[in-house]
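K.L.:
Residue numbers (my numbering): 11 to 267. Even glycine gets a Cβ: it sits at the ideal position worked out from N, Cα and C. Computed from a predicted model, the values in this text were never measured in an experiment. Below is a structure I'd like to ask you about.
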Amino acid sequence: MFSYHQYCPVARACEILADRWTPLIVRELLFGSRHFNELLRGLPGISRSLLVARLQHLEDSGVIERHTGARPNVTEYILTGAGSDLADVIKSLGTWAIKWAFADPKPDELNPALFLWKMHQRVDHRELPPGRTVVQFNLTGRKGRTLWLVLVARDISSCLKPPGFDSDLIVRADVSVLYRVWAGLIDYHTAVRRGEVVLEGPPALVRAFPRWFMWSPLVDVAQACRERQSRRRRLPAVVRGEQSVAAALKMADQQSP
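Right, dumping it as structure tokens:
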């Protein structure tokens, strides 16, 4: 293991967690991935050999444990107490990025298959209709393609090929728009009202669709930042008297609900 040779808790944490891909592996485990191939789907771009090495490092550091799965020869990677305790750390990293380093997605960050995988991870099973519901995503834009989610309580499948069932609901949108809705940079209902997201299917399913997903865990942070930026734009161009811009911003924040 790399060492900074410093007697410092921050240095020690970085020795365990600051390698390339390691925080994202922890993110995927926190989102419920347990198997090697699930981790690969959530981490496009990582090689199998590097993922093996990172998982071994996390196991040696006491962050994860290997368990034998329900099926023979299937290994599950489970967060230990120390690993689960990283939930707030990962959320804090994301919160910092949204406040200071996050904008609309770049073209090379648009991955329809990864987007579908994220939606699959964040299904609210309590809100699903009874039986099986198939959602077809007709994604447009530079990397547009058609994908499917098969929603059955406690058994969600993300499909890159036709699943063999008729689609109950069709969602049409540009990939970049859905990414921004997912992240909280655009309000879902606003995107629908503008025609940027179009749903086709029975009215009951159309109305229920946004409740089936918990969206990004940081969507509330993104919405708060969006509202703050909106308040900034409403400030007068010239602040009169002795009131500074900083004071005006502080007042705007205090007056917000």
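If we ignore side chains and look at the alpha-carbon of each, how far apart do P172 and V181 end up?
P.N.:
Within the sequence shown, residue 172 is the residue found at index 162, counting from 1. Within the sequence shown, residue 181 is the residue found at index 171, counting from 1. For P172 and V181, the distance between alpha carbons rounds to 15 Å.
K.L.:
Near I100, what residues of its chain come up, given a Cβ to Cβ distance below 7 Å and the 5 sequence neighbours on each side ignored?
P.N.:
For the purposes of this step, residue 100 is identified with residue 90 of the sequence shown, where counting begins at 1. Closer than 7 Å at Cβ, skipping near neighbours: P33, V36, R37, L40.
K.L.:
Leaving out five residues on either side along the sequence, give the residues of the same chain with a beta carbon under 8 Å from the beta carbon of P54.
P.N.:
One-based indexing of the sequence shown puts residue 54 at position 44. Excluding positions up to five away in sequence, the list reads N121, A123, L124.
K.L.:
Out of curiosity, what's the CA-to-CA distance linking W106 and R22?
P.N.:
Residue numbering aside, residue 106 sits at position 96 when the sequence shown is read from its first letter. Residue numbering aside, residue 22 sits at position 12 when the sequence shown is read from its first letter. Each residue's Cα considered, the two are about 21 Å apart.
K.L.:
Using 8 Å as the threshold, is the stretch 82 to 97 in touch with the stretch 14 to 21, meaning 3 or more CB pairs across them?
P.N.:
no
K.L.:
Rounded to whole angstroms, how far is the Cβ of W222 from the Cβ of V133, which I believe are closer than 8 Å?
P.N.:
In the sequence shown, the residue the question calls residue 222 occupies position 212. In the sequence shown, the residue the question calls residue 133 occupies position 123. Sure, about 6 Å apart at Cβ, within 8 Å.
K.L.:
Taking A183 as the reference, which of C235, R136, T90, G154 has the closest Cα?
P.N.:
Counted from its first residue, the sequence shown places residue 183 at position 173. Nearest option by C-alpha distance: G154.
K.L.:
Quick check on T85: does DSSP put it in helix, strand or coil?
P.N.:
As a working mapping, residue 85 is identified with position 75 in the sequence shown. Residue state, collapsed to three classes: strand.
K.L.:
When burial is assigned at 16 or more other CB atoms within 10 Å of the CB, is W110 buried or exposed?
P.N.:
The count along the sequence shown starts at 1 and reaches residue 110 at position 100. Residue burial annotation: W110 is exposed, with fewer than 16 other C-beta atoms found within 10 angstroms of its C-beta.
K.L.:
Which two residues bound the contiguous beta strand (DSSP E) that contains N148?
P.N.:
As a working note, residue 148 is residue 138 in the sequence shown. Start and end: 143 to 150.
K.L.:
With C-beta atoms as the reference, is D114 less than 8 Å away from L195?
P.N.:
Locating residue 114 in the sequence shown gives position 104, where the first residue counts as 1. Locating residue 195 in the sequence shown gives position 185, where the first residue counts as 1. Yes; because the gap between Cβ atoms is below 8 Å, this pair is in contact.
K.L.:
Can you name, in chain order, every residue of its own chain whose Cβ lies under 6 Å from the Cβ of C24, other than the five neighbours on each side?
P.N.:
The residue you call residue 24 lines up with position 14 of the sequence shown. Hits under 6 Å: none found.
K.L.:
Closer than 6 Å by C-beta to S167: which residues in its own chain qualify, once you throw out the five before and the five after it? Chain order, please.
P.N.:
As a position in the sequence shown, residue 167 is number 157, starting the count at 1. Taken in chain order, the residues that qualify are V160.
K.L.:
Can you give me the start and stop residues for the alpha helix (DSSP H) that P110 sits inside?
P.N.:
Here residue 110 refers to the residue found at position 100 when the sequence shown is read from its first residue. Before going further, note that residue 110 is Trp rather than Pro in the sequence given. 97 to 110 is the extent of the alpha helix (DSSP H) around W110.
K.L.:
Applying the criterion that 16 or more other CB atoms from any shown protein chain within 10 Å of the CB defines a buried residue, is G72 buried or exposed?
P.N.:
Working through the sequence shown from its first residue, we reach residue 72 at position 62. Classification of G72: exposed, given that the 10 Å Cβ count is below 16.
K.L.:
Kindly indicate which residue of V144, T200, V202 has the alpha-carbon position closest to the one of G174.
P.N.:
Sequence index remark: in the sequence shown, residue 174 carries index 164 (1-based). G174 has its Cα closest to that of V144, out of V144, T200, V202.
K.L.:
Report the CB separation of P139 from A218 in whole angstroms; it is logged as a contact under 8 Å.
P.N.:
As a working note, residue 139 is residue 129 in the sequence shown. As a working note, residue 218 is residue 208 in the sequence shown. A218 and P139 do touch by the CB rule: their CB atoms are close to 7 Å apart, below 8 Å.
K.L.:
Roughly how many whole angstroms lie between the Cα atoms of T4 and R58?
P.N.:
Nothing can be reported for residue 4: it is not among the residues displayed for the chain, which extend from 11 to 267.
K.L.:
Take L60 and list the residues in its own chain whose beta-carbon comes closer than 7 Å to its own, dropping the five residues that flank it on each side.
P.N.:
Indexing the sequence shown from 1 puts residue 60 at position 50. Closer than 7 Å at the Cβ level, and outside the excluded window around L60, lie W31.
K.L.:
Can you name, in chain order, every residue of its own chain whose Cβ lies under 6 Å from the Cβ of E206, other than the five neighbours on each side?
P.N.:
For this step, residue 206 is matched to residue 196 along the sequence shown. Here the set comprises V187.
K.L.:
Comparing alpha-carbon positions, which option in D70, A63, Y87, L170 lies nearest R76?
P.N.:
Looking up residue 76 in the sequence shown gives position 66. When each option's Cα is compared against that of R76, the closest is Y87.
K.L.:
Can you name, in chain order, every residue of its own chain whose Cβ lies under 7 Å from the Cβ of G2, other than the five neighbours on each side?
P.N.:
The structure shown does not extend to residue 2, since the chain is modelled only from 11 through 267, so no value can be given for it.
K.L.:
If I follow the unbroken alpha helix (DSSP H) through D134, where does it start and stop?
P.N.:
Here residue 134 corresponds to residue number 124 of the sequence shown, with the count starting at 1. D134: not part of any alpha helix (DSSP H); DSSP gives it neither H nor E.
K.L.:
Classify A232 as buried or exposed, calling it buried when 16 or more other Cβ atoms lie within 10 Å of its own Cβ.
P.N.:
As a working mapping, residue 232 is identified with position 222 in the sequence shown. With 16 or more other Cβ atoms within 10 Å, it is buried.
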